[in-house]
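These protein sequence lines map, in sequence, to chains A and B.
Quick note: the first sequence uses my numbering, first residue 1, plus one each step.
Quick note: the second sequence uses my numbering, first residue 1, plus one each step.
Some notes on the structure that comes next.
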Amino acid sequence: MAVSRSNPPVRRSRPKFLDLTAIRLPLAGFVSILHRVSGSLLFLALPALIGMFALSLESPAGFERAGQLIRQPMIGIPLFGLAWAYLHHFCAGIRFLLLDMHIGLDKEGARKSAVAVLVVSLLLTALLALKLLGVF
Amino acid sequence: MRTTTGAHYGLRDWIFQRITAVVMAVYTVIVVGALFFGIHDTAARWHAFFAFGPIKFLTFLFAMCLCYHAWIGIRDIWMDYVKPVWVRLTLHSLTLLALLGYAGWCLEILWRL
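Right, dumping it as structure tokens:
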């Protein structure tokens, strides 16, 4: 619907319903918010992540030290939280790129891809954690 | 009055956010794939992987893309939630300066390999 400049649209009083506790967010909305949350977490953690990368490449001793650090729960658990943030951002990002290309825009498709993002990013995080800890 | 803060260049950044995302996604697949070949098994292999010319080049690209991508994303967050111009300008500046610093730091790490 085209809106001409000379005739601004009439403001209708629309019902406002912003009780956030009562709104049931669709899964796609949940993925969208998590995309932003994971992105900001990663941004905040950048100095720690770059520091860890630097340490691991500094010297063989630094590499061993980095290996010990990720095995300490106080560091390892937040680090795997960040790995989740990264992988969620990665998966949700691919979903958004597909949506940009008009792939999966229908309601059912969007819902399914949102579920896929949540599940796949958690699975990949578990896989990566097990791999880095040397379980397999 | 012109707005002091804001994007002004929406489409360009929208496109660059996506281009940088694709570069980072490709790099991620390469590195995660390499983990399954055991590049993290020993310090020597880890070092050799990142010191290998093409990987070093891609890692550098990744770091630069990450900083640009983060700049666009974090700026969007400030623009969505922070309205007072001076607070927003301050946050924008701090974000930009931090990211420039991180970019320099990454360059320094790669330079020494």
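Where a beta carbon is used, it is the ideal one built from N, C-alpha and C, also for glycine.
(request) At 7 Å on the CB atoms, spell out the chain B contacts of Phe43 (chain A), in chain order. (result) For Phe43 (chain A), the residues of chain B that pass the 7 Å Cβ criterion are Ala70, Ile74, in the order they occur in the chain.
(message) So, does the segment 21 to 35 of chain A touch the segment 96 to 111 of chain A, judging by three or more C-beta pairs under 8 Å?
(response) Yes, they touch.
(message) Quick check on DSSP: helix, strand or coil for Ala2 (chain A)?
(response) At Ala2 (chain A) the pLDDT is 49, less than 50, meaning the model places this residue with poor confidence; the figure from the coordinates comes in the next sentence. Coil, per DSSP.
(request) Note down the Cα distance separating Ala2 (chain A) from Arg111 (chain A), rounded to an integer number of angstroms. (result) Residue confidence is low: Ala2 (chain A) scores 49 on pLDDT, short of 50, so the model does not pin down where it sits. Its coordinate-derived value is still stated next. When the Cα atoms are used, Ala2 (chain A) and Arg111 (chain A) turn out to be separated by approximately 30 Å.
(request) Could you tell me whether the segment 125 to 134 of chain A touches the segment 39 to 53 of chain A, using the rule of 3 or more Cβ pairs below 8 Å? (result) Too few Cβ pairs lie closer than 8 Å, so no.
(message) Please report the straight-line C-alpha distance between Arg95 (chain A) and Val31 (chain B), rounded to a whole angstrom.
(response) The straight-line gap separating the alpha-carbon atoms of Arg95 (chain A) and Val31 (chain B) is approximately 21 Å.
(request) Just the C-alpha distance for Val119 (chain A) and Ala83 (chain A), rounded to the nearest angstrom, thanks. (result) C-alpha separation (whole angstroms): 14 Å.
(request) Could you check what DSSP says for Arg75 (chain B) in three-state terms: helix, strand or coil? (result) Three-state DSSP puts Arg75 (chain B) in a helix.
(request) Consult DSSP for Asp106 (chain A) and reduce its assignment to one of helix, strand or coil. (result) Three-state result, Asp106 (chain A): coil.
(message) On the criterion of 16 or more Cβ atoms from any shown chain inside 10 Å, does Ser4 (chain A) qualify as buried, or is it exposed?
(response) In this prediction, Ser4 (chain A) has a pLDDT of 49, which is less than 50 and means its spatial position is unreliable; what the coordinates show is noted afterwards. By the neighbour-count criterion, in which 16 or more other beta carbons inside 10 Å mark a residue as buried, Ser4 (chain A) falls on the exposed side.
(message) Just checking: is the beta-carbon of Leu97 (chain A) within a distance shorter than 8 Å of some beta-carbon in chain B?
(response) So yes, Leu97 (chain A) belongs to the interface.
(message) Between Gly93 (chain A) and Ala21 (chain B), how many whole angstroms is the CB-CB distance? I'm expecting something under 8 Å.
(response) Contact holds; Cβ gap of about 5 Å.
(request) Using a cut-off of 7 Å between C-beta atoms, extract the partners of His47 (chain B) located in chain A. (result) Neighbours of His47 (chain B) on chain A, chain order: Leu57.
(request) Using the Cα positions of Ser113 (chain A) and Arg112 (chain B), report the straight-line distance between them to the nearest angstrom. (result) Going from the Cα of Ser113 (chain A) to the Cα of Arg112 (chain B) covers about 42 Å.
(request) Using a Cβ cut-off of 9 Å, pull out every chain B residue sitting near Leu18 (chain A), in sequence order please. (result) The contacting residues do not exist; Leu18 (chain A) stays about 16 Å from chain B at best.
(request) Please determine if the segment 60 to 72 of chain A and the segment 39 to 47 of chain B are in contact, where contact requires at least 3 C-beta pairs separated by less than 8 Å. (result) For the pair of segments examined, the segment 60 to 72 of chain A was found to touch the segment 39 to 47 of chain B: the number of CB pairs separated by less than 8 Å reaches three.
(request) Have a look at Val23 (chain B) and Phe62 (chain B) and give me their C-alpha separation to the nearest angstrom. (result) When only Cα atoms are considered, Val23 (chain B) and Phe62 (chain B) end up about 7 Å apart.
(request) Report the rounded CA-to-CA distance for Met64 (chain B) versus Lys16 (chain A), giving the unit in angstroms. (result) C-alpha separation (whole angstroms): 43 Å.
(request) Please classify Asp100 (chain A): does DSSP put it in a helix, a strand, or coil? (result) Note: Asp100 (chain A) maps to helix in three-state DSSP.
(request) Report the rounded CA-to-CA distance for Lys56 (chain B) versus Cys106 (chain B), giving the unit in angstroms. (result) In this structure, the CA atom of Lys56 (chain B) is about 11 Å from the CA atom of Cys106 (chain B).
(request) Could you check if Leu11 (chain B) is buried or exposed, using at least 16 other CB atoms within 10 Å of its CB as the buried criterion? (result) Residue burial annotation: Leu11 (chain B) is exposed, with fewer than 16 other C-beta atoms found within 10 angstroms of its C-beta.
(message) Does any residue of chain B have a CB that is nearer than 8 Å to the CB of Ile94 (chain A)?
(response) Ile94 (chain A) has a beta carbon lying within less than 8 Å of a beta carbon in chain B.
(request) Would you please verify whether the beta carbon of Cys65 (chain B) is less than 8 Å from any beta carbon of chain A? (result) Interface residue (Cβ-Cβ distance to chain A less than 8 Å): Cys65 (chain B) is not classified as such.
(request) With DSSP collapsed to three states, give me the class of Val26 (chain B). (result) Correct three-state label for Val26 (chain B): helix.
(request) Would you kindly check if the distance between the Cβ of Ile109 (chain B) and the Cβ of Ala54 (chain A) is under 8 Å? (result) Yes.
(request) Could you work out which residue in A:Ser13, A:Arg71, A:Leu99, A:Gly81 is closest to Val135 (chain A) when comparing CA atoms only? (result) Measuring C-alpha to C-alpha distances from Val135 (chain A) to each of A:Ser13, A:Arg71, A:Leu99, A:Gly81 identifies A:Arg71 as the nearest.
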